[in-house]
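Colleague: Below you will find the structure I want to go over with you.
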Amino acid sequence: MRLLVLLLFSAFSLIAAGQRKYHCEYKETVSFPMPDSISKSVRKQIEDQGFSSKIADQLVQQMNLQGLSADYVRIVEARADSTFILATNKVDQEEESDIKINMPDAKYLYKKGKVYVFDTLKRQWVISVMWSGSKTFNANDDKRLIMGHSCTCYASTDSTLKIWVAKDLPGYVNPGLSIRQIKGAVLGYELNNRDKNNTIKSEMTKIE
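Just so we're aligned, residue 1 is where the sequence shown starts under my numbering, counting upward by one.
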């Protein structure tokens, strides 16, 4: 009888652990190259104020090196059956030297390995082509410690995506990435989005 009770308790503990809910936040930065139209406009404004072409070139060159960026927080409500993600840039801008831009909020759903985005015009969830793309990953030695969890790095074979995965957390802890066969929680990633000419760097900053 005692053995049966212990077995039932162990089974219940495993089920409860598998159904645990997590609230997570990821700090995310999207970086863009400076558009030529903005560079030309700024150059003209500098020269119109009486500065020499040489000074205008130096200032524009410095601005181009900085590029444009937008800071996001990904708020993740992770459950075993589905994970809801809100990407919002309503955060404090800490690095005043960077040129920041605002981008609209977005809602995502991670379920059964697929990523869906909420279409505000259709008022429904649709498959996200960007985040549900099928990629093949290989592990490498670029390990990180994120929020106290040891993370293994996996790089996609097309060199567009790196993810850092913690094996001691469940796979439904995910900021909205399709990672196919890899087991564990994604605590950070870097994406080189060639189609939209930007890069995204993201890392978990809170889990509870």
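Just so you know, even glycine gets a beta-carbon here, dropped at the ideal spot from N, CA and C.
By DSSP, does LEU191 sit in helix, in strand, or in coil?
Modeller: Taking the sequence shown and counting its residues from 1, one reaches residue 191 at position 191. If DSSP states are grouped into helix, strand and coil, LEU191 belongs with the strands.
Colleague: Skipping 5 residues on each side, what residues in its chain have a beta carbon closer than 7 angstroms to that of MET147?
Modeller: On the sequence shown, position 147 is the one that residue 147 refers to. Cβ neighbours of MET147 beyond the five flanking positions: LEU187, MET204 and ILE207.
Colleague: Measuring CB atoms only, is the stretch 125-141 touching the stretch 166-180, in the sense that at least three cross pairs come out at less than 8 angstroms?
Modeller: Touching, yes, given that three or more Cβ pairs across the two stretches are closer than 8 angstroms.
Colleague: Can you list, in chain order, the residues of its chain whose CB lies under 6 angstroms from that of GLU190, leaving out five sequence neighbours each side?
Modeller: Here the question's residue 190 lines up with position 190 in the sequence shown. Hits under 6 angstroms: LYS162 and LYS201.
Colleague: Does the CB of HIS149 have a neighbour CB from chain D at under 9 angstroms?
Modeller: Absent from the structure: chain D. Only one protein chain is present.
Colleague: Check each candidate in SER31, ASP57 and LYS143 and name the one with the smallest Cα separation from ALA166.
Modeller: Within the sequence shown, residue 166 is the residue found at index 166, counting from 1. It is LYS143.
Colleague: Roughly how many angstroms lie between the CA atoms of ASN197 and SER159, to the nearest whole one?
Modeller: By one-based count along the sequence shown, residue 197 stands at place 197. By one-based count along the sequence shown, residue 159 stands at place 159. Distance between the alpha carbons of ASN197 and SER159 is about 14 angstroms.
Colleague: Enumerate, from N- to C-terminal direction, the unbroken beta strand (DSSP E) stretches of 3 or more residues contained entirely within the stretch 81-150.
Modeller: Fully enclosed beta strand (DSSP E) runs of 3 or longer: 83-88, 106-111, 114-119, 124-127 and 137-146.
Colleague: So VAL173 is in the beta strand (DSSP E); what residue range does that whole segment cover?
Modeller: Numbered from its first residue, the sequence shown carries residue 173 at position 173. That residue, VAL173, is in no beta strand (DSSP E); it is neither H nor E in DSSP.
Colleague: Taking the alpha-carbon positions, what's the ILE46 to SER37 distance?
Modeller: The residue you call residue 46 lines up with position 46 of the sequence shown. The residue you call residue 37 lines up with position 37 of the sequence shown. Cα-Cα distance, rounded: 14 angstroms.
Colleague: So, are the CB atoms of ALA56 and TYR172 less than 9 angstroms apart?
Modeller: Looking up residue 56 in the sequence shown gives position 56. Looking up residue 172 in the sequence shown gives position 172. No, Cβ-Cβ distance for ALA56 and TYR172 is not below 9 angstroms.
Colleague: So, helix, strand or coil for ARG79, using DSSP?
Modeller: Working through the sequence shown from its first residue, we reach residue 79 at position 79. Coil.
Colleague: Among residues of its own chain, excluding the 5 on either side of TYR110, which ones have a beta-carbon nearer than 6 angstroms to its beta-carbon?
Modeller: The residue labelled residue 110 in the question sits at position 110 within the sequence shown. So the list reads THR83, ASN174 and GLY176, once near-sequence residues are dropped.
Colleague: Could you tell me which residues DSSP pairs with VAL42 in its beta bridges?
Modeller: Locating residue 42 in the sequence shown gives position 42, where the first residue counts as 1. VAL42 is not bridged to any residue.
Colleague: Just the Cα atoms here: how many angstroms apart are SER69 and GLU28?
Modeller: Working through the sequence shown from its first residue, we reach residue 69 at position 69. Working through the sequence shown from its first residue, we reach residue 28 at position 28. Rounded to the nearest angstrom, the two C-alpha atoms are 10 angstroms apart.
Colleague: Would you call the CB atoms of THR88 and VAL76 closer than 9 angstroms?
Modeller: The sequence position of residue 88 within the sequence shown is 88, counting from 1. The sequence position of residue 76 within the sequence shown is 76, counting from 1. Going by C-beta atoms, THR88 is not nearer than 9 angstroms to VAL76.
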